[in-house]
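> Residues in the sequence shown are numbered from 17 upward in steps of one, following my numbering. We put the CB at the ideal spot given by N, CA and C, even for glycine. Note that this is a predicted model, so its numbers are computed, not measured.
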Amino acid sequence: MPRIAEDVLKNIRQYLLVENGDPTIVRVERVQTSVEEVQKNPMSQKTILILEPAPIFSHNVNKGKGLVFEYDSTCSSSHKKVKPSQDSKLLRAAMDAGNAMSSKSQAIQTATDHGGFRPIENSFSVGSTVHRVGFNEPSFSGTKGKW
Numbered sequence: 017m018p019r020i021a022e023d024v025l026k027n028i029r030q031y032l033l034v035e036n037g038d039p040t041i042v043r044v045e046r047v048q049t050s051v052e053e054v055q056k057n058p059m060s061q062k063t064i065l066i067l068e069p070a071p072i073f074s075h076n077v078n079k080g081k082g083l084v085f086e087y088d089s090t091c092s093s094s095h096k097k098v099k100p101s102q103d104s105k106l107l108r109a110a111m112d113a114g115n116a117m118s119s120k121s122q123a124i125q126t127a128t129d130h131g132g133f134r135p136i137e138n139s140f141s142v143g144s145t146v147h148r149v150g151f152n153e154p155s156f157s158g159t160k161g162k163w
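Below is the structure:
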């Protein structure tokens with residue numbers, strides 16, 4: 017049995033004490049049946065017995081923060097559609113960028129302290145946060161290979 021608010025209990029007591037021509041037993045039975053009916057419905061329990069505010073159901077999906085969710089076809093037609101030629105250009109650009117940043121080793125040459133050149137693995141394809149033992153060490157001008 018849920019806890020009944022003090023104001024509701026006060027009104028029930030007042031109803032039971034008032035002489036309106038009905039016997040007290042009849043009024044007690046009315047209160048009991050009314051409380052039993054209200055207890056069957058959780059929403060009624062909260063709003064009638066506990067005196068909590070009823071939940072507000074809003075059908076407004078746009079609450080000032082942009083469109084939240086909608087199935088309506090008019091909404092989807094209002095969005096700009098990407099042309100197929102532009103879509104393929106975007107896909108090609110993304111693929112080219114992915115190939116440029118791939119983890120394939122590429123031989124490049126670096127200057128040694130003695131003035132000669134030697135090939136090293138391209139460290140930029142791995143990324144600056146990857147640590148490999150004996151591969152790179154930090155320096156003021158970026159990363160340089162350990163030899």
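Is the separation between the beta-carbon of ILE66 and that of ARG19 shorter than 8 Å?
By one-based count along the sequence shown, residue 66 stands at place 50. By one-based count along the sequence shown, residue 19 stands at place 3. Contact flag set, yes.
> Helix, strand or coil: how does DSSP classify SER74 here?
As a working note, residue 74 is residue 58 in the sequence shown. Three-state DSSP puts SER74 in coil, outside helix and strand.
> Where LYS62 and ILE41 are concerned, what is the direct C-alpha to C-alpha distance, given to the nearest angstrom?
Counting from one through the sequence shown, the residue named residue 62 turns up at place 46. Counting from one through the sequence shown, the residue named residue 41 turns up at place 25. Cα to Cα, the separation comes out at about 27 Å.
> Runs of 4 residues minimum, wholly inside the segment 28–57: which ones carry the alpha helix (DSSP H) assignment?
Runs found: 40–56.
> Going straight from the alpha carbon of LEU32 to that of PRO69, what length do you get?
Locating residue 32 in the sequence shown gives position 16, where the first residue counts as 1. Locating residue 69 in the sequence shown gives position 53, where the first residue counts as 1. So the alpha carbons of these two residues sit roughly 26 Å apart.
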